[in-house]
Each structure stands twice: as structure tokens, then as C-alpha cells.
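**Student:** Heads up: the sequence shown is residues -22 to -1, 1 to 113, going by mature numbering (1 follows the signal peptide of the UniProt record, and there is no 0).
Even for Gly, the Cβ is constructed at its ideal location relative to N, Cα and C.
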Amino acid sequence: MDKRIKLLLAAAMCSAALPALAAEIVVIVNPKNPATRMFSEQAAQFFLGKSTLFTPIEHTEGALRNEFSQKVLGKDTAQVKSQWSKLVFTGKGNAPKEYSSSAEVKKAVAADVQAIGYIEKSAVDDSVKVILTVQ
């Protein structure tokens, strides 16, 4: 077998064995929001509809939403959507607005003092304030 092909196969096998590096996720609010810090359990209250102090801004389907749901909410995306469906159906809440990118989530949070969202840490700028780094 050609050396180049062997090297390519070896590289492919090594990269397949390594887990994908997840983006570091941060929870953000508008810079004018008085909140400065938050624990995951507190953030979960807003994204699960258990508190209306903040207005949650969600991502549409994708890896970022799945990771956030698992790490912060302790649920998978389907469970979170089911919970929101129940709240909406019973008139106890309105489902979060969903955006397809971190740039759109950041823009929505920057435009609303009551909004709370999450994005990749690499997307943070001075239009939003980080109150939690997801571990």
C-alpha cells in the first residue's frame, strides 16, 4: 500500500477515536441587566419555564442546544420541548423564541434587558454579558 494512503488511513482512524471537542457554552444577558452571576440550577428555571424573571431565547435544533439541554437542564431536547408544550397548552407560559445561530441569539438578547440566552463563548462581544460558563 502506498505510504500516503497508509498515513491518511492512520490519521482517519486516530481522529475517529478522539471525541469531538465541544464548544464552550456561556449563558448571556443584556449588559443593562443587573444579574452578574448565575448557577446552572438557576438558569434551568428560566429555560424550563419555572420562572418568568427572565425571557429565555433558545437555539433551534442542533448540537449546541443538545449540549446545553443535557448539561444545564438535565434533559434531552425532546423532554424540554414536551415541557414547554404542556406549559403553552395549559396557558401557563409561552415557548421561547428560537433562533438558528448564536449571532441571532446574541442579537435578540442584546435587544431585550429581560432576555437570557446561551451561545458559544467564542461568539461573545460587548453587546452581551456572560453570567454563567457551562461546565
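If we require 3 or more residues per run, which beta strand (DSSP E) segments fall completely within the region 2 to 48?
**Tutor:** With a minimum length of 3 residues, the continuous beta strand (DSSP E) runs that stay inside the region 2 to 48 are 3 to 7, 33 to 37.
**Student:** Return the CA-CA distance between residue 115 and ALA73, expressed in angstroms with no decimal places.
**Tutor:** What the structure shows of the chain is the stretch from -22 to 113, and residue 115 is not part of that stretch, so it cannot be assessed.
**Student:** CB-CB under 6 Å to THR33, same chain, minus the five flanking residues each way: which ones, in chain order?
**Tutor:** Excluding residues within five positions, the ones whose Cβ falls inside 6 Å are GLN92, ALA93.
**Student:** Going by the CB atoms, is the gap between VAL7 and VAL87 shorter than 8 Å?
**Tutor:** A contact, by the Cβ cut-off of 8 Å.
**Student:** Looking at C-alpha atoms only, which residue of THR68, GLU2, LYS84 is the closest neighbour of ASP104?
**Tutor:** Answer by Cα proximity: LYS84.
**Student:** I need the straight-line Cα distance from THR38 to GLY95, nearest angstrom please.
**Tutor:** Spanning the two alpha carbons is a distance of roughly 12 Å.
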